[in-house]
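Undergrad: Take the sequence shown: its letter number 125 is residue 134 in our numbering, and every next letter is one higher.
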Amino acid sequence: MIESGQDAIRCFSCLLPASQGPTFMALRLLLILSLSYFMASATLNAEEIPGWGEVVDPVGNCPVDFVESGISLSIPAGLHDMNPRLQVTNAPRVMQKIVGDFLYEVRVGDFPRPQAKSGVEGHASYIAAGILVWQDDRNLLRWTRTGSGEANAVFLSCEQYEQGQLVGGGNFPMEDKPITLRLERRKDRLILSATYDNSTWRKVLERRCTLQKDLEVGILGLNVTQKDVEYRFEAPYLLSSEQVQ
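Have a look at this one:
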(Lines of atoms letter the chains of each structure in order from A and count residues from 1; the text may use other names and numbers.)
(Lines give C-alpha, C1' and ligand atoms only; values in the text may rest on other atoms or scores of the structure.)
Protein backbone atom coordinates (compact mmCIF):
# COMPACT_ATOMS: atom_id res chain seq x y z
CA MET A 1 0.00 0.00 0.00
CA ILE A 2 1.28 3.48 -0.88
CA GLU A 3 0.79 5.62 2.21
CA SER A 4 2.97 8.67 1.51
CA GLY A 5 4.71 10.70 -1.14
CA GLN A 6 8.01 9.00 -0.31
CA ASP A 7 6.41 5.57 -0.81
CA ALA A 8 5.12 6.70 -4.21
CA ILE A 9 8.57 7.93 -5.24
CA ARG A 10 10.24 4.67 -4.18
CA CYS A 11 7.57 2.63 -5.98
CA PHE A 12 7.93 4.69 -9.15
CA SER A 13 11.72 4.46 -9.00
CA CYS A 14 11.62 0.67 -8.76
CA LEU A 15 9.66 0.45 -12.00
CA LEU A 16 12.52 2.04 -13.95
CA PRO A 17 15.62 0.08 -14.98
CA ALA A 18 18.66 1.03 -12.93
CA SER A 19 21.11 1.41 -15.83
CA GLN A 20 20.29 2.44 -19.38
CA GLY A 21 23.06 4.94 -20.17
CA PRO A 22 23.55 8.57 -19.11
CA THR A 23 20.62 9.95 -21.11
CA PHE A 24 18.15 7.52 -19.57
CA MET A 25 19.59 8.11 -16.09
CA ALA A 26 19.09 11.86 -16.50
CA LEU A 27 15.49 11.27 -17.60
CA ARG A 28 14.95 8.94 -14.66
CA LEU A 29 16.21 11.58 -12.24
CA LEU A 30 14.04 14.26 -13.85
CA LEU A 31 10.91 12.11 -13.54
CA ILE A 32 11.62 11.33 -9.88
CA LEU A 33 12.21 15.02 -9.09
CA SER A 34 9.00 15.95 -10.91
CA LEU A 35 7.03 13.40 -8.90
CA SER A 36 8.58 14.72 -5.68
CA TYR A 37 7.50 18.26 -6.56
CA PHE A 38 3.99 17.07 -7.44
CA MET A 39 3.57 15.25 -4.14
CA ALA A 40 4.84 18.27 -2.18
CA SER A 41 2.48 20.59 -4.05
CA ALA A 42 -0.49 18.29 -3.47
CA THR A 43 0.22 18.29 0.27
CA LEU A 44 0.50 22.09 0.33
CA ASN A 45 -2.74 22.54 -1.60
CA ALA A 46 -4.50 20.21 0.83
CA GLU A 47 -3.52 22.45 3.77
CA GLU A 48 -3.65 25.99 2.35
CA ILE A 49 -6.34 27.32 0.01
CA PRO A 50 -5.48 30.68 -1.59
CA GLY A 51 -8.05 33.31 -0.67
CA TRP A 52 -9.62 31.06 1.97
CA GLY A 53 -6.95 30.06 4.47
CA GLU A 54 -5.61 26.97 6.19
CA VAL A 55 -7.70 23.80 6.35
CA VAL A 56 -8.16 22.51 9.91
CA ASP A 57 -9.72 19.03 10.02
CA PRO A 58 -9.28 17.54 13.52
CA VAL A 59 -11.13 14.30 12.70
CA GLY A 60 -9.34 13.92 9.35
CA ASN A 61 -12.32 12.85 7.24
CA CYS A 62 -13.74 16.13 5.92
CA PRO A 63 -12.35 16.97 2.46
CA VAL A 64 -12.39 20.46 0.97
CA ASP A 65 -12.70 20.66 -2.82
CA PHE A 66 -12.82 23.40 -5.42
CA VAL A 67 -16.18 23.85 -7.17
CA GLU A 68 -17.13 26.21 -9.97
CA SER A 69 -18.20 29.06 -7.71
CA GLY A 70 -16.05 28.49 -4.63
CA ILE A 71 -15.30 25.55 -2.37
CA SER A 72 -17.22 22.61 -0.93
CA LEU A 73 -16.78 21.11 2.53
CA SER A 74 -17.96 17.50 2.89
CA ILE A 75 -18.66 16.19 6.39
CA PRO A 76 -19.59 12.53 6.91
CA ALA A 77 -22.08 11.27 9.44
CA GLY A 78 -20.89 11.46 13.02
CA LEU A 79 -19.90 14.00 15.63
CA HIS A 80 -18.37 17.15 14.09
CA ASP A 81 -19.27 20.00 16.44
CA MET A 82 -18.02 23.35 17.73
CA ASN A 83 -19.26 23.47 21.30
CA PRO A 84 -16.73 24.33 24.04
CA ARG A 85 -19.34 23.71 26.75
CA LEU A 86 -19.47 20.06 25.67
CA GLN A 87 -15.68 20.05 25.13
CA VAL A 88 -16.16 19.15 21.46
CA THR A 89 -14.47 21.51 18.98
CA ASN A 90 -13.60 19.10 16.18
CA ALA A 91 -15.66 20.66 13.37
CA PRO A 92 -13.69 21.20 10.14
CA ARG A 93 -12.87 24.77 9.18
CA VAL A 94 -10.72 26.92 6.89
CA MET A 95 -9.11 29.77 8.81
CA GLN A 96 -6.99 32.92 8.39
CA LYS A 97 -4.99 34.71 11.09
CA ILE A 98 -5.95 38.30 11.85
CA VAL A 99 -5.02 41.05 14.29
CA GLY A 100 -7.33 43.75 15.62
CA ASP A 101 -10.50 44.97 13.93
CA PHE A 102 -11.79 43.09 10.89
CA LEU A 103 -14.72 42.48 8.57
CA TYR A 104 -15.34 39.01 7.14
CA GLU A 105 -18.02 37.93 4.68
CA VAL A 106 -18.85 34.64 2.98
CA ARG A 107 -21.83 33.32 1.02
CA VAL A 108 -23.28 30.03 2.27
CA GLY A 109 -25.26 27.88 -0.15
CA ASP A 110 -28.55 26.25 0.76
CA PHE A 111 -28.58 22.68 2.08
CA PRO A 112 -31.32 20.21 3.05
CA ARG A 113 -32.48 20.36 6.65
CA PRO A 114 -31.78 17.09 8.51
CA GLN A 115 -34.38 14.49 9.40
CA ALA A 116 -35.78 14.56 12.92
CA LYS A 117 -34.28 12.12 15.43
CA SER A 118 -31.19 11.59 13.27
CA GLY A 119 -28.68 13.03 15.75
CA VAL A 120 -25.73 10.98 16.98
CA GLU A 121 -24.56 10.36 20.55
CA GLY A 122 -27.66 11.90 22.07
CA HIS A 123 -27.51 15.12 20.04
CA ALA A 124 -30.44 16.82 18.38
CA SER A 125 -30.52 16.62 14.57
CA TYR A 126 -28.43 19.69 13.80
CA ILE A 127 -26.27 20.89 10.94
CA ALA A 128 -24.77 24.33 10.29
CA ALA A 129 -22.30 26.24 8.14
CA GLY A 130 -20.97 29.77 8.33
CA ILE A 131 -18.36 31.94 10.03
CA LEU A 132 -16.11 31.06 12.96
CA VAL A 133 -14.05 33.52 15.03
CA TRP A 134 -11.51 31.52 17.01
CA GLN A 135 -9.22 32.43 19.89
CA ASP A 136 -8.86 28.92 21.31
CA ASP A 137 -11.05 25.90 22.04
CA ARG A 138 -12.70 27.70 24.98
CA ASN A 139 -13.19 31.17 23.48
CA LEU A 140 -14.93 31.58 20.13
CA LEU A 141 -18.00 32.79 18.28
CA ARG A 142 -19.85 31.06 15.45
CA TRP A 143 -22.36 32.71 13.08
CA THR A 144 -24.13 30.16 10.91
CA ARG A 145 -26.91 29.18 8.56
CA THR A 146 -28.41 26.31 10.55
CA GLY A 147 -30.82 23.43 9.97
CA SER A 148 -32.76 21.57 12.67
CA GLY A 149 -34.55 18.28 12.10
CA GLU A 150 -36.71 18.45 15.20
CA ALA A 151 -37.84 22.01 14.41
CA ASN A 152 -38.05 21.24 10.66
CA ALA A 153 -36.56 24.69 10.12
CA VAL A 154 -33.63 26.64 8.74
CA PHE A 155 -32.50 29.69 10.72
CA LEU A 156 -29.55 31.92 11.54
CA SER A 157 -27.71 31.07 14.73
CA CYS A 158 -25.07 32.76 16.86
CA GLU A 159 -23.25 31.08 19.75
CA GLN A 160 -20.60 32.95 21.74
CA TYR A 161 -18.36 31.14 24.21
CA GLU A 162 -16.07 32.53 26.91
CA GLN A 163 -13.89 30.24 29.01
CA GLY A 164 -15.86 27.24 27.77
CA GLN A 165 -19.28 28.63 28.68
CA LEU A 166 -22.08 29.82 26.39
CA VAL A 167 -22.48 33.53 27.19
CA GLY A 168 -24.86 34.69 24.47
CA GLY A 169 -26.21 34.53 20.96
CA GLY A 170 -29.56 33.40 19.67
CA ASN A 171 -31.56 31.99 16.77
CA PHE A 172 -33.11 34.23 14.11
CA PRO A 173 -35.59 33.45 11.32
CA MET A 174 -34.47 33.36 7.69
CA GLU A 175 -35.75 32.23 4.31
CA ASP A 176 -34.63 28.81 3.09
CA LYS A 177 -32.17 29.97 0.44
CA PRO A 178 -28.49 30.95 0.07
CA ILE A 179 -27.33 33.80 2.29
CA THR A 180 -24.23 35.92 2.75
CA LEU A 181 -23.06 36.29 6.34
CA ARG A 182 -20.93 39.13 7.68
CA LEU A 183 -19.10 39.44 10.97
CA GLU A 184 -17.31 42.62 12.04
CA ARG A 185 -15.11 43.41 14.99
CA ARG A 186 -15.04 47.09 15.97
CA LYS A 187 -12.96 47.53 19.10
CA ASP A 188 -14.99 45.83 21.85
CA ARG A 189 -18.04 45.03 19.69
CA LEU A 190 -18.91 42.15 17.36
CA ILE A 191 -21.57 42.98 14.75
CA LEU A 192 -23.40 40.18 12.91
CA SER A 193 -25.24 40.88 9.66
CA ALA A 194 -26.74 39.00 6.71
CA THR A 195 -28.09 39.55 3.20
CA TYR A 196 -29.77 37.48 0.51
CA ASP A 197 -28.99 39.74 -2.45
CA ASN A 198 -25.52 41.04 -1.43
CA SER A 199 -27.00 44.53 -1.48
CA THR A 200 -29.48 44.99 1.34
CA TRP A 201 -27.73 44.14 4.60
CA ARG A 202 -29.63 43.46 7.80
CA LYS A 203 -27.91 43.85 11.15
CA VAL A 204 -29.06 40.87 13.18
CA LEU A 205 -27.11 41.05 16.42
CA GLU A 206 -24.38 42.95 18.26
CA ARG A 207 -22.30 41.35 20.97
CA ARG A 208 -19.65 42.52 23.40
CA CYS A 209 -16.22 41.26 22.36
CA THR A 210 -13.79 40.02 25.00
CA LEU A 211 -11.58 38.09 22.59
CA GLN A 212 -7.88 38.88 22.39
CA LYS A 213 -6.34 40.96 19.60
CA ASP A 214 -4.79 38.00 17.75
CA LEU A 215 -7.47 35.69 16.35
CA GLU A 216 -8.41 33.44 13.46
CA VAL A 217 -11.48 33.87 11.26
CA GLY A 218 -12.92 31.73 8.49
CA ILE A 219 -15.58 29.21 7.55
CA LEU A 220 -16.74 26.08 9.34
CA GLY A 221 -19.25 23.28 8.95
CA LEU A 222 -21.07 21.27 11.63
CA ASN A 223 -22.72 17.87 11.39
CA VAL A 224 -23.93 15.81 14.34
CA THR A 225 -26.32 13.58 12.38
CA GLN A 226 -26.37 10.09 10.88
CA LYS A 227 -26.18 11.40 7.31
CA ASP A 228 -23.34 12.91 5.27
CA VAL A 229 -23.67 16.59 4.37
CA GLU A 230 -21.94 18.88 1.88
CA TYR A 231 -21.70 22.63 2.30
CA ARG A 232 -20.77 25.15 -0.40
CA PHE A 233 -19.17 28.51 0.20
CA GLU A 234 -18.58 31.41 -2.20
CA ALA A 235 -17.01 34.86 -2.32
CA PRO A 236 -14.95 35.11 0.88
CA TYR A 237 -13.97 38.66 1.74
CA LEU A 238 -11.64 39.70 4.55
CA LEU A 239 -10.80 43.28 5.49
CA SER A 240 -8.46 43.45 8.47
CA SER A 241 -6.49 46.16 10.22
CA GLU A 242 -3.57 43.73 10.10
CA GLN A 243 -3.72 40.41 8.28
CA VAL A 244 -1.05 37.91 9.32
CA GLN A 245 0.76 35.97 6.60
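Built from N, CA and C at the ideal position, the CB exists for glycine as well.
Suppose contacts are defined by Cβ-Cβ distances below 8 Å. Is Y205 in contact with S81 by that definition?
TA: no
Undergrad: Whose CA, out of A138, Y170 and I140, lies closest to the CA of L220?
TA: Y170
Undergrad: Among the candidates V226, S208 and A244, whose CA atom is the shortest distance from the CA of R194?
TA: V226
Undergrad: Taking all protein chains shown into account, decide if F242 is buried (16 or more other Cβ within 10 angstroms of its Cβ) or exposed.
TA: buried
Undergrad: Return the residue from the list P85, L165 and V73 that minimises the CA-CA distance to K236.
TA: P85
Undergrad: Nearest-angstrom Cα distance between I58 and A125?
TA: 35 Å
Undergrad: Classify P245 as buried or exposed, calling it buried when 16 or more other Cβ atoms lie within 10 Å of its own Cβ.
TA: buried
Undergrad: Which residues in the same chain have their Cβ closer than 8 Å to the Cβ of G60, if we skip the five residues on either side of it in sequence?
TA: P245
Undergrad: Using the C-alpha atoms, what's the distance from W152 back to G139?
TA: If I take the Cα positions, the gap works out to 6 Å.
Undergrad: Among N99, R122, G177 and M183, which residue has its Cα nearest to the Cα of E159?
TA: R122
Undergrad: What's the call for L53, buried or exposed, on a 16-neighbour Cβ count within 10 Å?
TA: Its pLDDT being 36, under 50, L53 is placed unreliably by the model, and the measurement read from it follows with that caveat. Exposed, since its Cβ has fewer than 16 Cβ neighbours within 10 Å.
Undergrad: Helix, strand or coil for E243 per DSSP?
TA: strand
Undergrad: Quick one: using the 10 Å Cβ neighbour count with 16 as the cut-off for buried, is N70 buried or exposed?
TA: exposed
Undergrad: Can you find the residues in the same chain that come closer than 8 Å, C-beta to C-beta, to R94, ignoring five residues on each side of it along the sequence?
TA: Once the five neighbours on either side are set aside, the close Cβ partners of R94 are Y170, G173, Q174 and L175.
Undergrad: Quick check: what's the CA-CA separation for V163 versus R198?
TA: Roughly 26 Å separates the two Cα atoms.
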